[in-house]
Amino acid sequence: MSLGHHHDGPAAVPADAHRPDGTRRALRIGLGGPVGSGKTATVAALCRALREELSLAVVTNDIYTREDAAFLLREAVLPPERITAVETGACPHTAIRDDISANLEAVEDLEDEVGPLDLILVESGGDNLTATFSKGLVDAQIFVIDVAGGDDIPRKGGPGVTTADLLVVNKTDLAPHVGSDLARMEADAKANRGELPVVLQSLRGERGVRDVADWVRERLAAWTA
Amino acid sequence: MSRAALLVLADGRFPAGGHAHSGGAEAAVKAGRITDAVSLEQFCRGRLHTSGAVAASLAAAAALGVDPRELDRAADARTPSPALRLVARRLGRQLVRAARATWPHPELDELAHQFPKGAHQPVALGTAARAAGLGPQDAAYCSLYEGVSGPATAVVRLLGLDPFDATAVLARLAPALDRAAQDAVEAGQRALSDGPEALPARSAPLLEIGAEAHAKWPVRLFAS
Ligand SMILES: Nc1nc2c(ncn2[C@@H]2O[C@H](COP(=O)(O)OP(=O)(O)OP(=O)(O)O)[C@@H](O)[C@H]2O)c(=O)[nH]1
Ligand SMILES: [Mg+2]
């Protein structure tokens with residue numbers, strides 16, 4: 007990036023790991039996946055699990071409401087100034103992949119305004135199986151599907167299921183009720199993903215978000231190493 | 249001047265945030281003022297000759313090298329709605345980000361430095377055009393075309409309007425757009441010689457009022 011005489015202007019290169027003042031910026035993790043799979047619930051649980059040990063903020067991308075941001079505010083998982091909603095103009099995948107400028111502004115403003123942050127979670131609006139985050143916006147991405155959306159989704163694959171850094175199969179508590187075969191979902195997911203990790207979780211269960219929180223801690227350790 | 253660079257800047261996929269905005273079309277659809285291709289065309293023509301002409305003149309002036317701070321003040325003075333000012337600055341900031349990555353240039357760095365929360369979008373557009381080696385006419389064309397193609401694309405999504413009909417609307421607007429671009433270049437040249445007061449100050453009250461109401465809707469598809 008250019009190191010002209012301006013040290014306080016925004017960076018020209020969005021994916022740069024440093025802020026204009028030379029300090030390391032926050033790790034950015036994206037959460038994508040189909041509508042209603044449990045992205046916001048996972049974000050809320052992660053905030054509760056990590057907020058004591060890390061400085062956190064959240065960007066939500068709602069499709070036509072501010073429901074996700076409103077839910078996080080209502081649940082008081084973080085102080086309101088740490089939650090920002092981006093509007094996506096009917097195209098959630100555009101805002102996280104093809105034209106990331108509004109999301110980049112949101113993450114940069116959070117870092118400027120609530121200051122030094124370790125981690126920013128960026129939730130995509132619910133979308134289809136091909137919606138993935140640009141590497142210019144996030145450093146790692148989690149794809150959240152659920153057992154009720156059909157147990158053939160891990161087999162069908164698609165960029166989210168196949169390439170996300172972590173695949174979460176959520177709502178395992180519902181598997182008996184919707185007739186989903188968890189063992190098959192896990193085997194199909196692993197077959198499609200090579201070495202990439204898969205977590206099966208129920209936010210209603212006792213373990214809750216623990217495995218995902220551990221994965222986030224590992225990513226953060228690698229980021230700051 | 250490069251025709252190919254103009255295509256890059258004018259491309260609807262240029263990643264500068266425009267996709268999330270309807271240019272006032274969502275408010276007009278809700279109010280029943282846009283219902284089909286005919287009313288979309290009337291809406292676009294109205295926009296072209298009012299706020300569109302102002303934006304294109306600002307863009308042309310910026311492309312000619314008129315001081316961006318003066319132009320930004322002139323844009324504020326010509327934008328009564330606080331909601332529209334906010335949108336214009338937000339889009340200006342997003343455009344400067346995209347343009348700095350696309351055509352690195354000290355004038356874009358300077359603009360980002362002077363306006364960390366964004367200059368008005370047409371000012372950013374004119375500066376981006378300079379950085380891309382383009383002229384005032386190119387900047388005016390980009391501004392005018394964006395001003396009508398944004399609503400047309402949005403109406404395809406909002407009303408399920410046939411996309412071929414929406415594109416035909418844009419084609420029918422072409423002669424008017426050519427004339428408006430010429431006018432905008434002349435206005436930009438007057439701003440260069442006589443100062444920004446020489447810029448047109450036409451306005452479309454319904455666009456301003458619609459934007460204020462739209463900004464308060466709890467549920468909407470587009471950011472503006
Ligand atoms: N039974 C069960 N319900 C869950 C679980 N996780 C989330 N839910 C519920 O699933 C519903 C949708 O969850 P959200 O977190 O809003 O889903 P989302 O992916 O953010 O949805 P969109 O943002 O609309 O795409 C809510 O009613 C949650 O309470 C889980 O592990 N088990
Ligand atoms: Mg959600």
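Chains as they are written, first to last, in this note's numbering: chain H, 7 to 231; chain S, 249 to 472. Each residue gets a CB set at the ideal place from its N, CA and C atoms; glycine is no exception. Since the structure is predicted, the reported quantities are computational estimates derived from the model, not experimental observations.
Is any beta-carbon of chain S found at less than 9 Å from that of Asp105/H? yes
Please tell me whether Gly36/H and Ser130/H are closer than 9 Å, where the distance is taken between their beta carbons. Taking 9 Å as the Cβ cut-off, Gly36/H and Ser130/H qualify as a contacting pair.
Return the CA-CA distance between Gln147/H and Gly383/S, expressed in angstroms with no decimal places. Near 41 Å, if we compare the C-alpha coordinates of Gly383/S and Gln147/H.
DSSP state of Gln207/H, grouped into three classes? In the structure shown, Gln207/H sits in coil (DSSP, three-state: anything other than H, G, I, E or B).
I want to verify the contact list: residues of chain S whose CB lies under 7 Å from the CB of His93/H, in sequence order. The displayed chain sequence assigns Glu, not His, to residue 93/H. Those within 7 Å of Glu93/H in chain S are Ala268, Ala471.
Between Ser391/S, Arg338/S, Ala276/S, which has its C-alpha nearest Leu306/S's C-alpha? Ser391/S
When you check each C-beta in the region 322-351 of chain S against every C-beta of chain H, which residues fall closer than 7 Å? Within the region 322-351 of chain S, those residues whose Cβ lies closer than 7 Å to any Cβ of chain H are, in chain order, Arg341, Gln342, Arg345, Ala346, Arg348, Ala349.
Around ligand 2, Cβ to any heavy atom closer than 6 Å, ordered along the chain: Lys45/H, Thr46/H, Asp74/H, Glu129/H
Glu192/H (DSSP reduced to helix, strand or coil): Looking at Glu192/H - three-state DSSP - the assignment turns out to be helix.
Pairwise C-alpha distance: Val215/H and Val222/H: 11 Å
Kindly indicate if chain S contains any beta-carbon less than 9 Å away from that of Thr100/H. The beta carbon of Thr100/H falls within 9 Å of a beta carbon belonging to chain S, placing the residue at that interface.
Chain-ordered neighbours of Leu110/H on chain S, where CB pairs are closer than 9 Å: Ordered by position in chain S, the residues that pass the 9 Å Cβ test against Leu110/H are Gln342, Arg345.
Could one say the Cβ of Ala264/S lies closer than 9 Å to chain H's Cβ atoms, at least one of them? yes
Pick out whichever of Arg348/S, Gln342/S, Arg321/S, Ala387/S has its Cα sitting closest to the Cα of Ser250/S. Ala387/S
So, does the CB of Arg378/S fall closer than 9 Å to a CB anywhere in chain H? no
Closest by CA to Arg438/S, which one among Val314/S, Pro263/S, Val396/S? When only C-alpha atoms are compared, the closest one is Val314/S.
Quick check on the burial criterion: 16 or more other C-beta atoms within 10 angstroms. Buried or exposed for His269/S? Around the Cβ of His269/S, a 10 Å sphere holds 16 or more other Cβ atoms; the residue is buried.
Under 9 Å, do Val467/S and Leu288/S count as touching if we go by C-beta distance? no
Euclidean distance between Cα positions of Gln207/H and Asp152/H: 9 Å
Is any non-hydrogen atom of ligand 1 found closer than 8 Å to the C-beta of Phe291/S, if you look at the structure I gave you? No, the beta carbon of Phe291/S sits no closer than 8 Å to any heavy atom of ligand 1.
For Leu255/S and Leu425/S, believed in contact at Cβ under 8 Å, the rounded distance: That belief does not hold up - the Cβ atoms of Leu425/S and Leu255/S are roughly 16 Å apart, past 8 Å.
Would you mind working out which of Phe77/H, Gly211/H, Gly156/H sits nearest Asn67/H, comparing C-alpha positions? Phe77/H
CA-CA distance, Val75/H and Asp357/S? It is Ala, not Val, that sits at residue 75/H in the sequence shown. Computed Cα separation, rounded: 33 Å.
Is it right to say Asp194/H is buried, meaning 16 or more other beta carbons lie within 10 angstroms of its own, or is it exposed? buried
Residue range of the unbroken alpha helix (DSSP H) whose run includes Glu73/H: From DSSP, the alpha helix (DSSP H) with Glu73/H extends over 73-80.
If we ignore side chains and look at the alpha-carbon of each, how far apart do Ala112/H and Thr90/H end up? 7 Å
C-alpha gap between Asp284/S and Arg420/S, whole angstroms: 15 Å
Rounded to the nearest angstrom, what separates Arg54/H and Val83/H at their Cα positions? Going by C-alpha positions, Arg54/H is about 6 Å away from Val83/H.
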